[in-house]
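K.L.:
Starting off with a structure, shown below.
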Amino acid sequence: MIPLLTTRQGIRLSEILPKAKFFGADEIFVQSCCGQWDDCESNDVYVAIVGPDADGHEFAHDAIVRGATAVVTERLLTIDRPQCIVPDSRAAYGKICQALAGAPSQRLTTIGVSGSDGKTVTSHLIRGVLEAAGKRSGLASSIEVNLGQGRQSVPAKQMTAPWLADQLSQMAMADCDHAVVEVSSVSLAQRAIDGVSFDVSVITNVRRDHVDFHGSIENYRRAQWRMLKHMKPNGMSILNADDPTTHFLLEQLSTPVLTFGMKQDAQITGKVIERSASEQTFIIQAGCESIPVRSSIVGDQHVYNCLAATAVGLVLGLELSTIVSGLTAVRSIPGRLERVECGQDFGVWIDAARSPFQLATAIRSLKQVSRGKVWCIFSTCEQQSELERRQLGEVVERSADHAIITKSTVDQTVDHEPAHQMLDGFDQPGKARWIPNRFRAIEWALSQAKPGDTVLITGCGERPFALIGENNWTISDRDVCQAWLYDHSSMCAELSPDSDNPMIFDINDYR
Numbered sequence: 065m066i067p068l069l070t071t072r073q074g075i076r077l078s079e080i081l082p083k084a085k086f087f088g089a090d091e092i093f094v095q096s097c098c099g100q101w102d103d104c105e106s107n108d109v110y111v112a113i114v115g116p117d118a119d120g121h122e123f124a125h126d127a128i129v130r131g132a133t134a135v136v137t138e139r140l141l142t143i144d145r146p147q148c149i150v151p152d153s154r155a156a157y158g159k160i161c162q163a164l165a166g167a168p169s170q171r172l173t174t175i176g177v178s179g180s181d182g183k184t185v186t187s188h189l190i191r192g193v194l195e196a197a198g199k200r201s202g203l204a205s206s207i208e209v210n211l212g213q214g215r216q217s218v219p220a221k222q223m224t225a226p227w228l229a230d231q232l233s234q235m236a237m238a239d240c241d242h243a244v245v246e247v248s249s250v251s252l253a254q255r256a257i258d259g260v261s262f263d264v265s266v267i268t269n270v271r272r273d274h275v276d277f278h279g280s281i282e283n284y285r286r287a288q289w290r291m292l293k294h295m296k297p298n299g300m301s302i303l304n305a306d307d308p309t310t311h312f313l314l315e316q317l318s319t320p321v322l323t324f325g326m327k328q329d330a331q332i333t334g335k336v337i338e339r340s341a342s343e344q345t346f347i348i349q350a351g352c353e354s355i356p357v358r359s360s361i362v363g364d365q366h367v368y369n370c371l372a373a374t375a376v377g378l379v380l381g382l383e384l385s386t387i388v389s390g391l392t393a394v395r396s397i398p399g400r401l402e403r404v405e406c407g408q409d410f411g412v413w414i415d416a417a418r419s420p421f422q423l424a425t426a427i428r429s430l431k432q433v434s435r436g437k438v439w440c441i442f443s444t445c446e447q448q449s450e451l452e453r454r455q456l457g458e459v460v461e462r463s464a465d466h467a468i469i470t471k472s473t474v475d476q477t478v479d480h481e482p483a484h485q486m487l488d489g490f491d492q493p494g495k496a497r498w499i500p501n502r503f504r505a506i507e508w509a510l511s512q513a514k515p516g517d518t519v520l521i522t523g524c525g526e527r528p529f530a531l532i533g534e535n536n537w538t539i540s541d542r543d544v545c546q547a548w549l550y551d552h553s554s555m556c557a558e559l560s561p562d563s564d565n566p567m568i569f570d571i572n573d574y575r
């Protein structure tokens, strides 16, 4: 439920939804709203939403029993309460939530970041740029929510309209000047940002992603492009000139656009000068001005992310030198091509890559700086389709030297079918190793790596994959790597996945 933040009487629905039709009343005043019938409370306006598993219209009577005073619906219902009929109740829900929160995006310089890859890192880079410029900013990303004034919140598993309205409202009340919001294609499709107005919208790139959710690549692209329709009158769109879909999109946009890229003509360009396993140096050029950037995060994808963040800074009127100070201040992002350095003579990296394109990008970035073999651990999870699993196998066989398939969780059950589906993507399945226990998979790969090699662990990123002990200590890929690397002398004997002695640390070794 979204609490009332305006007048005692409430807000007229006709003001929020001017094209809606009313039945049972000339007007409906809303003081609070709810999109779940079983969460409805007295005086709520219930918004009936069609979901993947249930149609909220079928539960309108139940919402009324729980205290709903009116219903926002997509069709006329047989109920004894006033109704507001709209073409899309999800979109209406977003607009109502934002209005009840006091339209916070209108009080903030709001920056939205979407795309298939790089949106989390780009969001954090933009906030780094704003901090370097002395701006008070909030951030809502998939790994961190900063509400300003040092206050943190828990990232949402999936952004919803009421959650976003609440986070933006708290940023505005904390006297933030700016808000940076990472927006997924799923959130766009579910209309979570309806009612939000962006000053700047960034689309990092548009690949084949979440096709199982969207139904087709065309639907996915339409969802990504939807964010560009939520612009303020003087808003600016920022697009990747190297992305093929950008050229089709430019023909449809009537709002100002700023482009960035490394290959095609663009207003903001980047060129890599030097690259090693620990850092890279590249030149950013904007108009007649150019400046070098030294970053501890490597790979072409990070250059693109920096270019997108630079474009945002320039749109906001910041000096290029200030922007670069903000970019270099962001030395790592948890679970996003994160380097684990414990004095070992080979590279260890952790990345959240789950889609085939994300995995290919991560491997390509590391091959650019690796002197030896690339060992890739990639994971099965319930959210993957059979096609995605096969494509992941294809990517790893084509790009990595050694492949280890494991699970993204640790439990007592072992289902071999997802691994078989990944092996279907291999021309030579014998090159891959299936180690269901994630602890053992990571430790085995680390034990096999030679000086100059690179070990890439993907699928979980910053997220814990296990809870251990009576106090439910969380264990992440980083914890396992650090424990092994700091104490690898106890693991000198060759690990065998089929051994009766898996040589796995207990929780005391990780703490």
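Converting from the sequence shown to this note's numbering requires adding 64 to each position, the first position being numbered 1.
Cβ coordinates follow ideal geometry from the N, Cα and C atoms, glycine included.
Could you check whether the stretch 330 to 344 touches the stretch 154 to 166, counting it as contact only if at least three pairs of C-beta atoms, one from each stretch, sit closer than 8 angstroms?
P.N.:
Segments in contact, no.
K.L.:
Classify Ile-521 as helix, strand or coil using the three-state DSSP reduction.
P.N.:
By 1-based counting over the sequence shown, the position of residue 521 is 457. Three-state DSSP puts Ile-521 in a strand.
K.L.:
Should His-242 go down as buried or exposed, given a rule of 16 or more other Cβ atoms within 10 Å for buried?
P.N.:
Position 178 of the sequence shown, counted from the start, is the residue given in the question as residue 242. Per the 10 Å Cβ criterion, buried.
K.L.:
Can you tell me where the alpha helix (DSSP H) holding Asn-535 begins and where it ends?
P.N.:
For the purposes of this step, residue 535 is taken as residue 471 along the sequence shown, with counting starting at 1. Where Asn-535 is concerned, there is no enclosing alpha helix (DSSP H), given that its DSSP letter is neither H nor E.
K.L.:
What does DSSP give as the partner residues of Pro-356 in its beta bridges?
P.N.:
Here residue 356 refers to the residue found at position 292 when the sequence shown is read from its first residue. Paired residues: Ile-347.
K.L.:
Would Gly-325 pass as a contact of Thr-319 if the rule is Cβ separation under 8 angstroms?
P.N.:
Within the sequence shown, the letter at position 261 stands for residue 325. Within the sequence shown, the letter at position 255 stands for residue 319. No, the Cβ-Cβ distance between Gly-325 and Thr-319 is not below 8 angstroms.
K.L.:
Taking Ile-267 as the reference, which of Lys-293, Asp-258, Arg-255, Asp-364 has the closest Cα?
P.N.:
As a position in the sequence shown, residue 267 is number 203, starting the count at 1. If we check each option's Cα against that of Ile-267, Lys-293 comes out closest.
K.L.:
Looking only at DSSP bridge pairs, what is Arg-403 linked to?
P.N.:
Working through the sequence shown from its first residue, we reach residue 403 at position 339. Answer is Trp-413.
K.L.:
To the nearest angstrom, how far is it from the Cα of Ser-554 to the Cα of Val-519?
P.N.:
In the sequence shown, residue 554 corresponds to position 490, counting from 1. In the sequence shown, residue 519 corresponds to position 455, counting from 1. Confidence at Ser-554 is low in this model, with a pLDDT of 44, below 50, so its placement is unreliable and no value can be given for it.
K.L.:
Go to Gly-457, then tell me how far its alpha helix (DSSP H) extends in each direction, as first and last residue.
P.N.:
Locating residue 457 in the sequence shown gives position 393, where the first residue counts as 1. Note, Gly-457: alpha helix (DSSP H), 450 to 463.
K.L.:
Taking the alpha carbon of Thr-538 as the point to measure from, which residue in Ala-416, Val-474, Gly-523, Pro-493 has its own alpha carbon closest?
P.N.:
Working through the sequence shown from its first residue, we reach residue 538 at position 474. Of the listed residues, the one whose Cα sits closest to Thr-538 is Val-474.
K.L.:
Bridge partners of Ser-201, per DSSP?
P.N.:
Translated into the one-based positions of the sequence shown, residue 201 becomes position 137. Answer by DSSP bridge pairing, in chain order: His-242.
K.L.:
What does DSSP give as the partner residues of Thr-473 in its beta bridges?
P.N.:
Numbered from 1 along the sequence shown, position 409 holds the residue referred to as residue 473. None, per the DSSP bridge assignment.
K.L.:
Assign Gly-407 to buried or exposed, taking buried as 16 or more other Cβ atoms, counted over all protein chains shown, within 10 Å of its Cβ.
P.N.:
For this step, residue 407 is matched to residue 343 along the sequence shown. Classification for Gly-407: exposed.
K.L.:
For His-480, list the residues DSSP reports as bridge partners.
P.N.:
In the sequence shown, the residue the question calls residue 480 occupies position 416. Answer is none; His-480 lacks a bridge partner.
K.L.:
Closest to Arg-497 by C-alpha separation, out of Leu-487, Asp-491, Ser-360, would be which residue?
P.N.:
Taking the first residue of the sequence shown as 1, we reach residue 497 at position 433. Comparing Cα positions, the closest option is Leu-487.
K.L.:
Express the C-alpha separation of Gly-525 and Pro-398 in angstroms, rounding to a whole number.
P.N.:
Numbered from 1 along the sequence shown, position 334 holds the residue referred to as residue 398. Numbered from 1 along the sequence shown, position 461 holds the residue referred to as residue 525. Rounded to the nearest angstrom, the two C-alpha atoms are 7 angstroms apart.
K.L.:
From the DSSP output, in three-state form, read off Val-388 for me.
P.N.:
Stepping through the sequence shown from its first residue, residue 388 is reached at position 324. DSSP places Val-388 in helix when its eight states are reduced to three.
K.L.:
Determine the closest residue to Glu-450 out of Ser-248, Val-478, Ala-417, Gln-485, with distance taken between C-alpha atoms.
P.N.:
Taking the sequence shown and counting its residues from 1, one reaches residue 450 at position 386. Nearest of Ser-248, Val-478, Ala-417, Gln-485 to Glu-450, Cα basis: Gln-485.
K.L.:
Measuring from the CB of Gln-365, is there a heavy atom of the ligand NAP at a distance below 7 angstroms?
P.N.:
Summarising the ligand content, the structure contains no ligands, and the ligand NAP is consequently not present.
K.L.:
Out of Phe-503, Gly-523, Leu-140, Ala-375, which has the shortest C-alpha to C-alpha gap to Trp-548?
P.N.:
For the purposes of this step, residue 548 is identified with residue 484 of the sequence shown, where counting begins at 1. The option with the nearest alpha carbon to Trp-548 is Phe-503.
K.L.:
Give the range of the alpha helix (DSSP H) segment to which Ile-143 is assigned.
P.N.:
The count along the sequence shown starts at 1 and reaches residue 143 at position 79. Neither: Ile-143 is in no alpha helix (DSSP H) and is coded neither H nor E.
K.L.:
Under the assumption that Glu-452 contacts Phe-490 (Cβ atoms under 8 angstroms), give the Cβ distance between them as a whole number of angstroms.
P.N.:
Counted from its first residue, the sequence shown places residue 452 at position 388. Counted from its first residue, the sequence shown places residue 490 at position 426. About 15 angstroms separates the two Cβ atoms, so there is no contact after all.
K.L.:
Excluding the 5 residues preceding and the 5 following Gln-349 in the sequence, name in chain order all residues of the same chain whose CB lies nearer than 6 angstroms to its CB.
P.N.:
Along the sequence shown, one-based indexing puts residue 349 at 285. Same-chain partners within the cutoff: Thr-333.
K.L.:
Val-379 and Met-291: beta carbons closer than 8 angstroms?
P.N.:
For this step, residue 379 is matched to residue 315 along the sequence shown. For this step, residue 291 is matched to residue 227 along the sequence shown. No, the Cβ-Cβ distance between Val-379 and Met-291 is not below 8 angstroms.
K.L.:
So what does DSSP say about Asp-126, is it helix, strand or coil?
P.N.:
Here residue 126 refers to the residue found at position 62 of the sequence shown. Helix.
K.L.:
Helix, strand or coil for Phe-490 per DSSP?
P.N.:
The residue given as residue 490 occupies position 426 in the sequence shown. Reduced to three states, the DSSP call for Phe-490 is coil.
K.L.:
Ends of the beta strand (DSSP E) at Ser-301?
P.N.:
Locating residue 301 in the sequence shown gives position 237, where the first residue counts as 1. 295 to 304 is the span of the beta strand (DSSP E), which, as asked, contains Ser-301.
K.L.:
Mind listing, in chain order, the continuous alpha helix (DSSP H) runs of no fewer than 4 residues lying wholly within the stretch 127 to 193?
P.N.:
Within the stretch 127 to 193, the complete alpha helix (DSSP H) runs of at least 4 residues are 153 to 164, 168 to 171.
K.L.:
What does Lys-85 pair with, by DSSP beta-bridge criteria?
P.N.:
Locating residue 85 in the sequence shown gives position 21, where the first residue counts as 1. Paired residues: Ile-149.
K.L.:
Out of curiosity, what's the CA-to-CA distance linking Ala-256 and Asn-210?
P.N.:
Stepping through the sequence shown from its first residue, residue 256 is reached at position 192. Stepping through the sequence shown from its first residue, residue 210 is reached at position 146. Ala-256 and Asn-210: Cα-Cα distance of roughly 19 angstroms.
K.L.:
Just checking my contact of Thr-522 with Ala-417 at CB under 8 angstroms: how many whole Å lie between their CB atoms?
P.N.:
Locating residue 522 in the sequence shown gives position 458, counting from the first residue. Locating residue 417 in the sequence shown gives position 353, counting from the first residue. At roughly 4 angstroms, the Cβ-Cβ gap stays under 8 angstroms, so Thr-522 and Ala-417 are in contact.
K.L.:
Are the CB atoms of Met-295 and Ser-251 nearer to each other than 8 angstroms?
P.N.:
Within the sequence shown, residue 295 is the residue found at index 231, counting from 1. Within the sequence shown, residue 251 is the residue found at index 187, counting from 1. Going by C-beta atoms, Met-295 is not nearer than 8 angstroms to Ser-251.
K.L.:
With 16 as the cutoff for other CB atoms within 10 Å, does Val-260 come out buried or exposed?
P.N.:
The residue you call residue 260 lines up with position 196 of the sequence shown. Val-260 comes out buried.
K.L.:
Return the first residue and the last residue of the alpha helix (DSSP H) that Cys-440 is part of.
P.N.:
In the sequence shown, counting from the first residue as 1, residue 440 sits at position 376. Run containing Cys-440: none in the alpha helix (DSSP H); it sits in the beta strand (DSSP E), 438 to 444.
K.L.:
Would you kindly check if the distance between the Cβ of Ala-225 and the Cβ of Cys-161 is under 8 angstroms?
P.N.:
Taking the sequence shown and counting its residues from 1, one reaches residue 161 at position 97. Taking the sequence shown and counting its residues from 1, one reaches residue 225 at position 161. Yes, the pair counts as a contact, with Cβ atoms nearer than the cut-off.
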